[in-house]
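Asks: Respectively, the protein sequence lines represent chains A and B.
So the first sequence is numbered by my numbering: it starts at 34 and just counts up by one.
So the second sequence is numbered by my numbering: it starts at 34 and just counts up by one.
2 protein chains.
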Amino acid sequence: MPEPAEAMTALRERLGELDDLIQAAALAGWDQQTYMPPGGASARGEVLATLGRLAHARLTDPGLVALLAALAQDTGLGDVDARLVAAVGRDADRARRIPDRLVGDIARHTVVAQVAWHAARAADDFAPFRPALERHVELRRELAACFPEVAHPYDALLHAFEPGLTTERLRKVFTQMREGLIPLLGAITARAVPPPLPGPFPVARQRELALQIAAAHGFDTEHWRLDLAVHPFVQSLGPSDIRVTTFFDETTLTGLFAVMHEVGHGLYERQIDPALARTIAGTGTSLGIHESQSRLWENLVGRSEPFWRHWHPRLVQAFGAAALGGEDLEAFLRTINTVRPSPIRVEADEATYSLHVILRFELEVAMIEGTLAVADLPYAWNAGMQELLGVHVISDRVGVLQDIHWAYGELGYFPTYAIGNIVAAQLWTVIRRDLPALDEDLERGDTLALRRWLGDHVHRHGRLRTSGELLMDITGSELDARPFLRQLELKYGALYGLEGHPR
Amino acid sequence: MPEPAEAMTALRERLGELDDLIQAAALAGWDQQTYMPPGGASARGEVLATLGRLAHARLTDPGLVALLAALAQDTGLGDVDARLVAAVGRDADRARRIPDRLVGDIARHTVVAQVAWHAARAADDFAPFRPALERHVELRRELAACFPEVAHPYDALLHAFEPGLTTERLRKVFTQMREGLIPLLGAITARAVPPPLPGPFPVARQRELALQIAAAHGFDTEHWRLDLAVHPFVQSLGPSDIRVTTFFDETTLTGLFAVMHEVGHGLYERQIDPALARTIAGTGTSLGIHESQSRLWENLVGRSEPFWRHWHPRLVQAFGAAALGGEDLEAFLRTINTVRPSPIRVEADEATYSLHVILRFELEVAMIEGTLAVADLPYAWNAGMQELLGVHVISDRVGVLQDIHWAYGELGYFPTYAIGNIVAAQLWTVIRRDLPALDEDLERGDTLALRRWLGDHVHRHGRLRTSGELLMDITGSELDARPFLRQLELKYGALYGLEGHPR
Numbered sequence: 034m035p036e037p038a039e040a041m042t043a044l045r046e047r048l049g050e051l052d053d054l055i056q057a058a059a060l061a062g063w064d065q066q067t068y069m070p071p072g073g074a075s076a077r078g079e080v081l082a083t084l085g086r087l088a089h090a091r092l093t094d095p096g097l098v099a100l101l102a103a104l105a106q107d108t109g110l111g112d113v114d115a116r117l118v119a120a121v122g123r124d125a126d127r128a129r130r131i132p133d134r135l136v137g138d139i140a141r142h143t144v145v146a147q148v149a150w151h152a153a154r155a156a157d158d159f160a161p162f163r164p165a166l167e168r169h170v171e172l173r174r175e176l177a178a179c180f181p182e183v184a185h186p187y188d189a190l191l192h193a194f195e196p197g198l199t200t201e202r203l204r205k206v207f208t209q210m211r212e213g214l215i216p217l218l219g220a221i222t223a224r225a226v227p228p229p230l231p232g233p234f235p236v237a238r239q240r241e242l243a244l245q246i247a248a249a250h251g252f253d254t255e256h257w258r259l260d261l262a263v264h265p266f267v268q269s270l271g272p273s274d275i276r277v278t279t280f281f282d283e284t285t286l287t288g289l290f291a292v293m294h295e296v297g298h299g300l301y302e303r304q305i306d307p308a309l310a311r312t313i314a315g316t317g318t319s320l321g322i323h324e325s326q327s328r329l330w331e332n333l334v335g336r337s338e339p340f341w342r343h344w345h346p347r348l349v350q351a352f353g354a355a356a357l358g359g360e361d362l363e364a365f366l367r368t369i370n371t372v373r374p375s376p377i378r379v380e381a382d383e384a385t386y387s388l389h390v391i392l393r394f395e396l397e398v399a400m401i402e403g404t405l406a407v408a409d410l411p412y413a414w415n416a417g418m419q420e421l422l423g424v425h426v427i428s429d430r431v432g433v434l435q436d437i438h439w440a441y442g443e444l445g446y447f448p449t450y451a452i453g454n455i456v457a458a459q460l461w462t463v464i465r466r467d468l469p470a471l472d473e474d475l476e477r478g479d480t481l482a483l484r485r486w487l488g489d490h491v492h493r494h495g496r497l498r499t500s501g502e503l504l505m506d507i508t509g510s511e512l513d514a515r516p517f518l519r520q521l522e523l524k525y526g527a528l529y530g531l532e533g534h535p536r
Numbered sequence: 034m035p036e037p038a039e040a041m042t043a044l045r046e047r048l049g050e051l052d053d054l055i056q057a058a059a060l061a062g063w064d065q066q067t068y069m070p071p072g073g074a075s076a077r078g079e080v081l082a083t084l085g086r087l088a089h090a091r092l093t094d095p096g097l098v099a100l101l102a103a104l105a106q107d108t109g110l111g112d113v114d115a116r117l118v119a120a121v122g123r124d125a126d127r128a129r130r131i132p133d134r135l136v137g138d139i140a141r142h143t144v145v146a147q148v149a150w151h152a153a154r155a156a157d158d159f160a161p162f163r164p165a166l167e168r169h170v171e172l173r174r175e176l177a178a179c180f181p182e183v184a185h186p187y188d189a190l191l192h193a194f195e196p197g198l199t200t201e202r203l204r205k206v207f208t209q210m211r212e213g214l215i216p217l218l219g220a221i222t223a224r225a226v227p228p229p230l231p232g233p234f235p236v237a238r239q240r241e242l243a244l245q246i247a248a249a250h251g252f253d254t255e256h257w258r259l260d261l262a263v264h265p266f267v268q269s270l271g272p273s274d275i276r277v278t279t280f281f282d283e284t285t286l287t288g289l290f291a292v293m294h295e296v297g298h299g300l301y302e303r304q305i306d307p308a309l310a311r312t313i314a315g316t317g318t319s320l321g322i323h324e325s326q327s328r329l330w331e332n333l334v335g336r337s338e339p340f341w342r343h344w345h346p347r348l349v350q351a352f353g354a355a356a357l358g359g360e361d362l363e364a365f366l367r368t369i370n371t372v373r374p375s376p377i378r379v380e381a382d383e384a385t386y387s388l389h390v391i392l393r394f395e396l397e398v399a400m401i402e403g404t405l406a407v408a409d410l411p412y413a414w415n416a417g418m419q420e421l422l423g424v425h426v427i428s429d430r431v432g433v434l435q436d437i438h439w440a441y442g443e444l445g446y447f448p449t450y451a452i453g454n455i456v457a458a459q460l461w462t463v464i465r466r467d468l469p470a471l472d473e474d475l476e477r478g479d480t481l482a483l484r485r486w487l488g489d490h491v492h493r494h495g496r497l498r499t500s501g502e503l504l505m506d507i508t509g510s511e512l513d514a515r516p517f518l519r520q521l522e523l524k525y526g527a528l529y530g531l532e533g534h535p536r
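1. If I'm right that L405 of chain A touches F159 of chain A with Cβ under 8 Å, what's the distance once you round it to whole angstroms?
2. If you draw a straight line from the C-alpha of F281 of chain A to the C-alpha of R484 of chain A, how long is it?
3. Using 10 angstroms around the beta-carbon of P535 of chain B, count the other beta-carbons present and answer buried if the total reaches 16, otherwise exposed.
4. Rounded to the nearest angstrom, what separates E212 of chain B and V390 of chain B at their Cα positions?
5. I'd like to confirm the pairing. Which residues does DSSP put opposite L261 of chain B in its beta bridges?
6. So with Cβ pairs under 8 Å, would you call Q56 of chain A a contact of chain B?
7. Measuring only from the beta carbon, is L362 of chain B closer than 7 Å to any heavy atom that is part of the ligand FMN?
8. E255 of chain A versus chain B: which residues are under 7 Å apart at the beta carbon?
9. Cβ of H534 of chain A less than 8 Å from any chain B Cβ?
10. To test your reading of the DSSP string, which unbroken alpha helix (DSSP H) runs of 4 or more residues are found completely within the stretch 183-236 of chain A?
11. Can you have a look at I455 of chain A and say buried or exposed, based on whether 16 or more other CB atoms are within 10 angstroms of its CB?
12. The alpha helix (DSSP H) that contains Q268 of chain B, what's its start and end?
13. Counting C-beta neighbours from all protein chains within 10 Å, is the total for A177 of chain A 16 or more, i.e. buried, or is it exposed?
14. For P535 of chain A, which of helix, strand or coil comes out of DSSP?
15. CB L117 of chain A to CB T318 of chain A, shorter than 8 Å?
16. Does the Cβ of E46 of chain A have 16 or more other Cβ atoms within 10 Å, making it buried, or fewer, making it exposed?
17. Between A384 of chain B and the rest of its own chain, which residues show a CB-CB distance below 8 Å, the 5 nearest in sequence each way excluded?
18. So what's P346 of chain A in DSSP terms, helix, strand or just coil?
19. Around the C-beta of S327 of chain B, are 16 or more other C-beta atoms found within 10 angstroms, so that it is buried, or is it exposed?
20. Only counting the same chain, and skipping five residues up and downstream in sequence, which positions put a Cβ closer than 8 Å to that of E241 of chain B?
21. Could you please give the first and the last residue of the uninterrupted alpha helix (DSSP H) stretch that includes H425 of chain A?
22. Which stretch, first to last residue, makes up the alpha helix (DSSP H) that contains G299 of chain A?
23. Could you check the C-alpha separation between L101 of chain A and D64 of chain A for me, to the nearest Å?
24. Please identify, using Cβ separations under 9 Å, the residues of the stretch 258-285 of chain B that lie next to chain A, in order along the chain.
25. If we ignore side chains and look at the alpha-carbon of each, how far apart do T273 of chain B and T143 of chain A end up?
26. Give me the subset of the stretch 70-104 of chain A whose CB atoms are less than 9 Å from a CB atom of chain B, sorted by chain position.
27. Counting beta carbon pairs with one atom in the stretch 82-99 of chain B and one in the stretch 42-57 of chain B, are three or more of them shorter than 8 Å?
28. When DSSP labels each residue in this structure, what does Q435 of chain B get in the three-state scheme?
29. Counting only C-beta atoms, is E50 of chain B closer than 8 Å to chain A at any point?
30. Using a Cβ-Cβ cut-off of 8 Å, state whether L531 of chain A counts as contacting chain B.
31. If the criterion is Cβ atoms closer than 8 Å, does the pair W11 of chain A and V426 of chain A meet it?
32. With a threshold of 8 Å between beta carbons, is D306 of chain B in contact with chain A?
33. Name, please, each residue of chain A whose Cβ falls closer than 7 Å to the Cβ of A61 of chain B.
34. Check distances from the C-beta atoms of the stretch 310-330 of chain A to those of chain C and list, in chain order, the residues that come in under 8 Å.
35. Counting only the same chain and skipping the five closest in sequence on each side, list residues whose C-beta sits under 6 Å from that of L259 of chain B.
36. Following the continuous alpha helix (DSSP H) through D64 of chain B, name the residue where it begins and the one where it ends.
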């Protein structure tokens, strides 16, 4: 075995190559969703498969494993190095324990299942998708069986996105959520629905305003881009090349909120310690923490009164008062914070969104446990929508077939969306304590102190702290839905003058 | 050794992976010149270096070499497989014979030399670049020494771009060129220079018209893109994903001609046999042949009377007669075929361009031979410009420092630009014989027969035929400058009514 310093150098060299392959694939993925002509799809599939295979081989290479094992024994490592070894060790361990055969089976079946899902959606009928989903569940059970040490097989799926989180914990937190959200929802929906914004919002001006807001949140043309894509997303290619995408539609301001959401994700990547570049630890630590950053900027900042005190006059200037239904800020805030149960997750508001996720989580766990047969999924879906959201689902297309995630076999992914809401609220409690002048800052359009706080406490660490460690370090608590519920109650109480809620 | 069929399958698997790495690098290069934010440069350099290293390792892998050696012995291979084995064998042989140490030295020195070139250009003084170029020449001599079997060391440099071509042959052809071009140039420049087009040519309309012409030349949005870049180029990512770039300037139609040029390159890649995808032979066979395709579309089609009989009325409609100095087609043709010696290669016209290249070729050969000291290069440059083009060079910035190629150490590259002109003319002679109705086609804006001819005779073969084989198969001749000279004499004779030239 080499000396520790040499071993760290050797590790960083290996990680550099691996990270470069991941970056090349990330660029290919970004291009596929933004600029690639349709004819390029098949060649792109080959390139992505090769890059993925080469990256996987490097992560599972016995030489890397030996290096990591030796370094894990070394008590003389500095804090950064020790955490890096631990983070990479978790990745390598997970990658090695899933046999190549299973990885291949999953990849091949995902292609088949997508075709089946598209056909089922076109027919508005779950039946043609059923066998494909059954096979996905079977494969995910096999995958879970590679990790016999977990308390619940679904834990093994969760850990792909949220290392260390357990099904048991999530159940408790989601029960808190259900119990708090359903009565709140009842109180809000008893009130009249605020009128929608009349529009129109010409796309060019939306883009201009979105870029102004983005700039106030840290976007600059030296390190960022804004492009169009059918489904908004962000892709970072290292901390100095952050690519936001959105979709503008002149009838709504959705694209503007999508930019705030994606810039929130992007800011996380942008503020990661540059010393973590080319280590595979220079990215967000989990999907849940990542989503907390996008939700924080989209909802806690971007739907707040202080924020719009600064930006609402600019909105009026850009689109005219008529497009906004007048110049009344309070009416505008009620409209952008409208709560209305809908069958569709991606159209859901801040209060109902997590209930969509909880339904999916419960169904996924039941399918993995075997207590819910895939054949019964549509009935369970429709019953759950009625129970959680009071929504009657009229067909599979707007019901159980609405998301593509299950066609990818991605069980364990949906919870991260709700975790994002929960974590954002937990962080927000600490932020408000640490930054007593935050409202005044936002009223001036100034986000510098907030960005610095996020950079110091969350962003810079990259993957050197797990989501659980990060949350404990900052809030002194595990995942906890109460701050989220409290904040929603306060906000909607004030906006809608709900009984028992301070106005 | 495996059975031949298995060996071919094994070869194609290896080539597939190699080609995917090359494609990933090609995308990263395209993105770097189009959309990458400046902050991404350093990470991009790492990604490109890693992809290049991994590709090089695959091309020089002993397993590949053994497979190629076995397959080269196999007399039962079909024509396509045998040619594929030969083409890949040439690449692998060249890659293996250049030691990694030298590859690394060249790569490292190229970074240093570029900095020196930029500094020298800023100072408008060759002196700070001299030591860097001296080292480049030294390194290229070392590289040439890896191929002791060539007749002239410069052959080894040429072969990177034009396998099989010799310095001796090129000297003969370039001598033909000089001897024909200098008197022609004298006759033309004795005439009055046609007035320039007044303009303006609004960028949006230029783009629209460029896309219409591109569509008539085979561009479609399913398989192509048009983007903006400072220096126009094309990048193919396989035959179904062709990315043209250009630069529009409202004072000239340069961007329009650049699109025709780049679409000519792109059409070559687009019409390569799809069965060659993922073999590293599914691309143009040499830079010279590639350039012949761009020049053919830009000059032989795009500056011809039949072509403009169709497009000139559309140009008038787009920009107005005033912008074009009137509606006279003949005057327009004289203007877009203006010949005027200039110190700058990239601004040169069809008649003077090759003389710029010949000068660079002669200087490169002399430096490699050691008969010209790098210290004497600026004097030799200025003397050559006077002799070949009658141009007085006022400073190094517009003289010996005008191109970045030597900062990259790219000796042997410049000749391919002139080879493009020569080959285009050789092909054109055969095309005019095979397609007697071509002028009528072009007058209708119809290029289908021409595209089919190029597809059948040149494009589909990809790298399965070397440039020499291709030229011999199609024209029955080696590289020969006479068709180029004859075509220029005819064209300028007609346009300018030169003595002794048919009007």
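Cβ atoms here follow ideal geometry from the backbone N, Cα and C, with glycine treated the same way.
Replies: According to the structure shown:
1. The sequence position of residue 405 of chain A within the first sequence is 372, counting from 1. The sequence position of residue 159 of chain A within the first sequence is 126, counting from 1. Incorrect: roughly 14 Å between the Cβ atoms, too far for contact.
2. Within the first sequence, residue 281 of chain A is the residue found at index 248, counting from 1. Within the first sequence, residue 484 of chain A is the residue found at index 451, counting from 1. Computed Cα separation, rounded: 26 Å.
3. Here residue 535 of chain B corresponds to residue number 502 of the second sequence, with the count starting at 1. Its pLDDT being 45, under 50, P535 of chain B is placed unreliably in this model, and the value from its coordinates should be taken loosely. Per the 10 Å Cβ criterion, exposed.
4. Within the second sequence, numbered from 1, the residue matching residue 212 of chain B stands at position 179. Within the second sequence, numbered from 1, the residue matching residue 390 of chain B stands at position 357. Taking the straight line joining both Cα atoms gives about 14 Å.
5. Stepping through the second sequence from its first residue, residue 261 of chain B is reached at position 228. According to DSSP, which records beta bridges pairwise, L261 of chain B is partnered with B:T279.
6. Taking the first residue of the first sequence as 1, we reach residue 56 of chain A at position 23. Chain B, which has a Cβ nearer than 8 Å to the Cβ of Q56 of chain A, makes this yes.
7. As for the ligand FMN, it is missing from this structure, which has no ligand bound.
8. Residue mapping note: residue 255 of chain A aligns to position 222 of the first sequence, counting from 1. Simply P70, P71, G72.
9. Against the first sequence, residue 534 of chain A aligns to sequence position 501. Here H534 of chain A scores only 49 on pLDDT, less than 50, and its place in the model is too uncertain to base an answer on.
10. 186-191, 200-222
11. Within the first sequence, the letter at position 422 stands for residue 455 of chain A. Buried is the call here.
12. For the purposes of this step, residue 268 of chain B is identified with residue 235 of the second sequence, where counting begins at 1. Premise fails: Q268 of chain B lies in the beta strand (DSSP E), 267-269, not in any alpha helix (DSSP H).
13. The residue given as residue 177 of chain A occupies position 144 in the first sequence. Classification of A177 of chain A: buried, given that the 10 Å Cβ count is 16 or more.
14. Here residue 535 of chain A refers to the residue found at position 502 of the first sequence. Any reading at P535 of chain A needs caution, since the residue's pLDDT is 44, under 50, leaving its predicted position unreliable; the model's value is listed next. Coil, per DSSP.
15. Numbered from 1 along the first sequence, position 84 holds the residue referred to as residue 117 of chain A. Numbered from 1 along the first sequence, position 285 holds the residue referred to as residue 318 of chain A. No, these two residues do not count as a Cβ contact at 8 Å.
16. Walking along the first sequence from the start, residue 46 of chain A turns up at place 13. The residue is exposed, with fewer than 16 neighbouring Cβ atoms inside 10 Å.
17. As a working note, residue 384 of chain B is residue 351 in the second sequence. Cβ neighbours of A384 of chain B beyond the five flanking positions: L214, L217, L218, I221, V372, L521, Y525.
18. Numbered from its first residue, the first sequence carries residue 346 of chain A at position 313. The answer is helix: DSSP assigns P346 of chain A an H, G or I state.
19. Working through the second sequence from its first residue, we reach residue 327 of chain B at position 294. So S327 of chain B ends up on the buried side.
20. In the second sequence, residue 241 of chain B corresponds to position 208, counting from 1. Result list for E241 of chain B: A351, in chain order.
21. As a position in the first sequence, residue 425 of chain A is number 392, starting the count at 1. Neither: H425 of chain A is in no alpha helix (DSSP H) and is coded neither H nor E.
22. Counting from 1 along the first sequence, the entry for residue 299 of chain A is found at position 266. Per DSSP, G299 of chain A belongs to the alpha helix (DSSP H) from 287-303.
23. As a first step, residue 101 of chain A must be located in the first sequence, where it is residue number 68. As a first step, residue 64 of chain A must be located in the first sequence, where it is residue number 31. Each residue's Cα considered, the two are about 34 Å apart.
24. R258, D260, L270, G271, P272, S273, D274, I275, R276
25. Taking the first residue of the second sequence as position 1, residue 273 of chain B is located at position 240. Taking the first residue of the first sequence as position 1, residue 143 of chain A is located at position 110. Looking at the sequence shown, residue 273 of chain B is not Thr but Ser. Between S273 of chain B and T143 of chain A, the C-alpha separation is close to 24 Å.
26. P70, P71, G72, G73, A74, S75, A76, R77, E79, V80, L81, A82, T83, L84, R86, L87
27. yes
28. Working through the second sequence from its first residue, we reach residue 435 of chain B at position 402. Three-state DSSP puts Q435 of chain B in coil, outside helix and strand.
29. Residue numbering aside, residue 50 of chain B sits at position 17 when the second sequence is read from its first letter. Output row for E50 of chain B: interface = yes.
30. Counting from 1 along the first sequence, the entry for residue 531 of chain A is found at position 498. L531 of chain A does not count as touching chain B.
31. Coverage of chain A is limited to positions 34 through 536, which leaves residue 11 of chain A absent and any answer about it impossible.
32. Locating residue 306 of chain B in the second sequence gives position 273, where the first residue counts as 1. No, D306 of chain B lies away from the interface with chain A (no Cβ there is under 8 Å from its Cβ).
33. Translated into positions along the second sequence, residue 61 of chain B becomes position 28. Those within 7 Å of A61 of chain B in chain A are A57, L60.
34. Here chain C cannot be found, since the structure's protein chains are A and B.
35. The residue you call residue 259 of chain B lines up with position 226 of the second sequence. These residues qualify, in order along the chain: V277.
36. Counting from 1 along the second sequence, the entry for residue 64 of chain B is found at position 31. Where D64 of chain B is concerned, the enclosing alpha helix (DSSP H) stretches over 37-67.
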